[in-house]
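Engineer: Line order of the protein sequences matches chains A and B.
Counting in the numbering used here, the first sequence runs from 1 upward without gaps.
Counting in the numbering used here, the second sequence runs from 1001 upward without gaps.
Mind having a look at this structure? Questions to follow.
Number of protein chains: 2
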Amino acid sequence: MSRKTKLISSPSSFIGIDGDGYISFGSGQPDLPPPREIFRNLEDRRLFRYGLIQGEIKLRQALAKEYPNARPEDFVITNGASEALDLVFRAIRQMHGRVKVLLCQPYYYSYPPLVELAGLIPVYTRLKEGRIDIEDFRKKVRGVKAVLINSPSNPTGRIEAIPTLHEIEAITQKLGVYVISDEVYKDLIYVRGNYLIKGRHVITVNSFSKTYSMCGLRIGYLWARDRKIVDRAIDIKVHTSMNTNTLAQEMALRAMDVPQSFVDRQTKIWRERRDFICDGLANLGFSLWKPEGAFYVLPKIKDSGRVVSELFYKHKVITYDGAWFGAPGRIRLSYALDVEKIKEGLARIGTYLKGKENWLV
Amino acid sequence: MSRKTKLISSPSSFIGIDGDGYISFGSGQPDLPPPREIFRNLEDRRLFRYGLIQGEIKLRQALAKEYPNARPEDFVITNGASEALDLVFRAIRQMHGRVKVLLCQPYYYSYPPLVELAGLIPVYTRLKEGRIDIEDFRKKVRGVKAVLINSPSNPTGRIEAIPTLHEIEAITQKLGVYVISDEVYKDLIYVRGNYLIKGRHVITVNSFSKTYSMCGLRIGYLWARDRKIVDRAIDIKVHTSMNTNTLAQEMALRAMDVPQSFVDRQTKIWRERRDFICDGLANLGFSLWKPEGAFYVLPKIKDSGRVVSELFYKHKVITYDGAWFGAPGRIRLSYALDVEKIKEGLARIGTYLKGKENWLV
Chain A
1 MSRKTKLISS
11 PSSFIGIDGD
21 GYISFGSGQP
31 DLPPPREIFR
41 NLEDRRLFRY
51 GLIQGEIKLR
61 QALAKEYPNA
71 RPEDFVITNG
81 ASEALDLVFR
91 AIRQMHGRVK
101 VLLCQPYYYS
111 YPPLVELAGL
121 IPVYTRLKEG
131 RIDIEDFRKK
141 VRGVKAVLIN
151 SPSNPTGRIE
161 AIPTLHEIEA
171 ITQKLGVYVI
181 SDEVYKDLIY
191 VRGNYLIKGR
201 HVITVNSFSK
211 TYSMCGLRIG
221 YLWARDRKIV
231 DRAIDIKVHT
241 SMNTNTLAQE
251 MALRAMDVPQ
261 SFVDRQTKIW
271 RERRDFICDG
281 LANLGFSLWK
291 PEGAFYVLPK
301 IKDSGRVVSE
311 LFYKHKVITY
321 DGAWFGAPGR
331 IRLSYALDVE
341 KIKEGLARIG
351 TYLKGKENWL
361 V
Chain B
1001 MSRKTKLISS
1011 PSSFIGIDGD
1021 GYISFGSGQP
1031 DLPPPREIFR
1041 NLEDRRLFRY
1051 GLIQGEIKLR
1061 QALAKEYPNA
1071 RPEDFVITNG
1081 ASEALDLVFR
1091 AIRQMHGRVK
1101 VLLCQPYYYS
1111 YPPLVELAGL
1121 IPVYTRLKEG
1131 RIDIEDFRKK
1141 VRGVKAVLIN
1151 SPSNPTGRIE
1161 AIPTLHEIEA
1171 ITQKLGVYVI
1181 SDEVYKDLIY
1191 VRGNYLIKGR
1201 HVITVNSFSK
1211 TYSMCGLRIG
1221 YLWARDRKIV
1231 DRAIDIKVHT
1241 SMNTNTLAQE
1251 MALRAMDVPQ
1261 SFVDRQTKIW
1271 RERRDFICDG
1281 LANLGFSLWK
1291 PEGAFYVLPK
1301 IKDSGRVVSE
1311 LFYKHKVITY
1321 DGAWFGAPGR
1331 IRLSYALDVE
1341 KIKEGLARIG
1351 TYLKGKENWL
1361 V
């Protein structure tokens, strides 16, 4: 790398870079539009008044219908899944003190800082082939108060086997450990339906961002069977952000009315793109875990930090360093962009890799 | 109080109570509508994509023009002033550890929990006649890392004298103490223009909620001259909530384009209501600090907790217990409702007070 090439240290370095010849495999931002139905009659004056801290009752009622044995009062509508996780960790901190939280590595890059910001201690179980290694999980879960599961996973694109999820349910139930299940990609699974992890100690976190291409509106939620978590999360949110944007909650409610075919159509597009990028990366010689959900792939490459910087500065291709996700020696590519752009991006990566074939082992 | 009357313990007890014969002097929710201009062309697809964590550049540019020597890069757009305060306290915690924060008592009820949630320690200076007692302030500021100022104040409705603000600027500058200035009511001052507290150690917090009746949309911001605070706040927000709702930021930008006459017209209405409620309360025998800004009044009454409960259960009048704001022996009335309702509410309070005149001393 030339002396002038600055090493890129976090995804935020790429923020605001758009168009101008760049191909971005960076942010997990669907390029597909949101459903048109969500725009009707937004001038309602009520939408500009403070709303319930917990979230609008109609939206919580609609969500309760989507989950087994769920009640509207068990949901909290949040500023995206991010705030849901933040509230859950802060609630756990208030109730249990400075306890440990088990994370899977590679992890979504916000997980360790979220745990630490709340005053909790992250510990890690290493994924095997991008999925939970139940033997290691069993060892590491001892002594923690909560585990965070993310299936489909960002960044690995893998989903957990259902027997693994059953085992996690049983172990954590027995030990009295919370399971925080981040299921923001639950509607983007290519190989089976979503398996909703169950139990009185489970906290499900979800979002409208990916399913309905509404990332910028920041509507997510948590659903907990444990009343204490819900109450505590609301008590905290009163002070830290108050109600979630009422207008966006109304739009989320309308999105839920959209026929399932909207979601199915999107999933079909993601699957085609997944196949396209996986084939392309394989042709370039990359070894990778085939994604089963979400829209990320995490192929191996030596010196991933240098690769990310050089691809950006020399070839105008944005990728994320696996190191940011606890996976150095890999790069993360989001395939939430159209096939023509994927093709062009892969061609540039191919050019860059000429003579560097030994980096791919 | 009859045995059956449950003591009301927090403002959240009143949430969702609306209409049905109730008169609410509770929440600080303007009843006036937002400007119509903010509704144009909301279908723009870009608004649904992730935005900059720091906030949309156009909105920050517009804000920078409103403040002296301000630059767009010194602002962070947040989920209301609440999140701005939360981010500032968390940033201070990260940079300086478990330090003390000086709050003025009576305080807005979220201040102590926000300080504590961030892992900081609140200490208090007692207001005199609803305003800062600079002698006490001078003593208490020693040993703290930050002070939080709120002028106009919720709940006292008072504004700080400009010489007081000058003194605070000088003392805190000398001691290297941050001044967090919550100015969400800056456009609702009846007695003079707003005085913007200045200095490199000042963090200004503001919101579109009150000025433009956009409470439910949750658009606020922080403006800090100290680059470290801004950078740290962004670093935290990446994980805890990501960008603030992009659609609402666009609406806030349009609100800023609305002629000043919109704000002036609203202020005139607030002033009339203030005069009306103050006269009414005085006629009932209450002693109070005349509000100079915002839309709250905090009259004295014995056993304020009982009064709030009985007014609610027996007379369908919502008021807030001063104790929730660190001011037991007072009740807070918001006058963000129309004069006819204020009149009816005062009449009911009058009925309730018959034979209890000695509670007002």
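C-beta: ideal position from N, C-alpha, C; glycine also.
For residue 147 of chain A, which three-state DSSP category applies?
Structural biologist: Correct three-state label for residue 147 of chain A: strand.
Engineer: In chain order, what residues of the same chain lie with their CB nearer than 7 Å to the CB of residue 292 of chain A, ignoring the 5 residues before and after it?
Structural biologist: Same-chain partners within the cutoff: 152, 157, 158, 159, 189, 190 and 191.
Engineer: Once you ignore the five residues that flank residue 122 of chain A on each side, which residues in its own chain have a CB closer than 6 Å to its CB?
Structural biologist: Once the five neighbours on either side are set aside, the close Cβ partners of residue 122 of chain A are 101, 103, 112 and 115.
Engineer: If we count the other Cβ atoms within 10 Å of its Cβ and call it buried at 16 or more, is residue 47 of chain A buried or exposed?
Structural biologist: Result: buried.
Engineer: Just the chain A side, please: which residues come within less than 9 Å of residue 1053 of chain B by C-beta, in chain order?
Structural biologist: Result: 12 and 15.
Engineer: Closer than 7 Å by C-beta to residue 90 of chain A: which residues in its own chain qualify, once you throw out the five before and the five after it? Chain order, please.
Structural biologist: The residues are 118 and 236.
Engineer: What is the C-beta distance between residue 359 of chain A and residue 303 of chain A, in whole angstroms, given that I count them as a contact (C-beta under 8 Å)?
Structural biologist: 7 Å between Cβ atoms; contact.
Engineer: From what residue to what residue does the beta strand (DSSP E) around residue 182 of chain A run?
Structural biologist: Where residue 182 of chain A is concerned, the enclosing beta strand (DSSP E) stretches over 178–182.
Engineer: In its own chain, which residues sit with a C-beta less than 8 Å from the C-beta of residue 1135 of chain B, not counting the 5 before and 5 after it?
Structural biologist: The answer is none, since no qualifying residue turns up.
Engineer: Beta carbons nearer than 8 Å to chain A: which residues of the stretch 1159–1179 of chain B have them?
Structural biologist: Within the stretch 1159–1179 of chain B, no residue qualifies.
Engineer: Measuring CB atoms only, is the stretch 1213–1222 of chain B touching the stretch 1242–1249 of chain B, in the sense that at least three cross pairs come out at less than 8 Å?
Structural biologist: Yes, the stretch 1213–1222 of chain B touches the stretch 1242–1249 of chain B.
Engineer: Please report the distance separating the alpha-carbon of residue 313 of chain A from that of residue 352 of chain A.
Structural biologist: Approximately 11 Å, taken between the alpha carbons.
Engineer: Just tell me which of A:354, A:168, A:8 and A:29 has its CA closest to the CA of residue 185 of chain A.
Structural biologist: Per the Cα distances, A:29.
Engineer: For the stretch 1203–1217 of chain B, list every residue whose C-beta sits within 8 Å of some C-beta in chain A, in sequence order.
Structural biologist: Within the stretch 1203–1217 of chain B, the residues whose Cβ lies closer than 8 Å to some Cβ of chain A are 1213, 1214, 1215, 1216 and 1217, listed in chain order.
Engineer: Less than 7 Å between the beta carbons of residue 25 of chain A and residue 345 of chain A, yes or no?
Structural biologist: Contact: yes.
Engineer: Should the stretch 267–277 of chain A be called in touch with the stretch 165–181 of chain A, which here means at least 3 C-beta pairs below 8 Å?
Structural biologist: No: the two stretches stay apart, fewer than three of their Cβ pairs being nearer than 8 Å.
Engineer: Looking at the C-beta of residue 1026 of chain B, does it have a partner C-beta in chain A at a distance below 7 Å?
Structural biologist: So, not an interface residue.
Engineer: Counting contacts by CB-CB distance shorter than 7 Å, is residue 135 of chain A in contact with chain B?
Structural biologist: So no, residue 135 of chain A is outside the interface.
Engineer: Considering only their Cβ atoms, is the gap separating residue 320 of chain A from residue 11 of chain A smaller than 7 Å?
Structural biologist: Yes, the pair counts as a contact, with Cβ atoms nearer than the cut-off.
Engineer: Run the CB neighbour count on residue 1162 of chain B, radius 10 Å, all protein chains shown included, and call it buried at 16 or more, exposed below.
Structural biologist: Counting Cβ neighbours within 10 Å, residue 1162 of chain B comes out exposed, since fewer than 16 surround it.
Engineer: Compute the Euclidean distance between the alpha carbons of residue 1055 of chain B and residue 207 of chain A, then round it to the nearest angstrom.
Structural biologist: So the alpha carbons of these two residues sit roughly 21 Å apart.
Engineer: If you follow the alpha helix (DSSP H) that residue 1278 of chain B is part of, which residue opens it and which one closes it?
Structural biologist: Segment 1260–1283, the alpha helix (DSSP H) holding residue 1278 of chain B.
Engineer: Would you call the stretch 71–89 of chain A and the stretch 1253–1266 of chain B in contact, with 3 or more CB pairs under 8 Å?
Structural biologist: Segments in contact, no.
Engineer: Among B:1215, B:1120 and B:1008, which one has its Cα closest to the Cα of residue 52 of chain A?
Structural biologist: The residue with the shortest Cα to Cα distance from residue 52 of chain A is B:1215.
Engineer: Locate the alpha helix (DSSP H) running through residue 1220 of chain B, then write down its first and last residues.
Structural biologist: No alpha helix (DSSP H) holds residue 1220 of chain B; the beta strand (DSSP E) holding it covers 1219–1224.
Engineer: So, with DSSP's three-state summary, where would you put residue 364 of chain A?
Structural biologist: This structure gives no information on residue 364 of chain A, because the portion of chain A shown stretches from 1 to 361.
Engineer: Can you list the residues of chain A that residue 1105 of chain B reaches, using a CB-CB cut of under 9 Å?
Structural biologist: Simply none; closest approach about 17 Å.
Engineer: DSSP three-state call for residue 128 of chain A: helix, strand or coil?
Structural biologist: The answer is strand: DSSP assigns residue 128 of chain A an E or B state.
Engineer: If contacts are defined as beta-carbon pairs under 8 Å, then residue 284 of chain A and residue 331 of chain A qualify, I think. What distance do you get, rounded to the angstrom?
Structural biologist: Wrong, their Cβ atoms sit about 12 Å apart, outside the cutoff.
Engineer: Could you run through the stretch 303–314 of chain A and flag, in chain order, every residue whose CB is less than 7 Å away from some CB of chain B?
Structural biologist: Cβ contacts with chain B come from no residue of the stretch 303–314 of chain A.
Engineer: So the candidates are B:1013, B:1014, B:1032 and B:1020; which of them puts its Cα closest to the Cα of residue 1337 of chain B?
Structural biologist: Per the Cα distances, B:1032.
Engineer: Is the Cβ of residue 256 of chain A closer than 7 Å to any Cβ of chain B?
Structural biologist: Judged by the 7 Å Cβ criterion, residue 256 of chain A is not in contact with chain B.
Engineer: At a CB-CB cut-off below 7 Å, which residues of chain A make contact with residue 1242 of chain B?
Structural biologist: 80, 82 and 218, listed in chain order.
Engineer: Would you decide whether residue 1298 of chain B is buried or exposed? Buried here means 16 or more other CB atoms lie within 10 Å of its CB.
Structural biologist: Answer is buried; the Cβ neighbour count reaches 16.
Engineer: Please report the straight-line C-alpha distance between residue 203 of chain A and residue 181 of chain A, rounded to a whole angstrom.
Structural biologist: If you take the alpha carbons of residue 203 of chain A and residue 181 of chain A, they lie about 6 Å apart.
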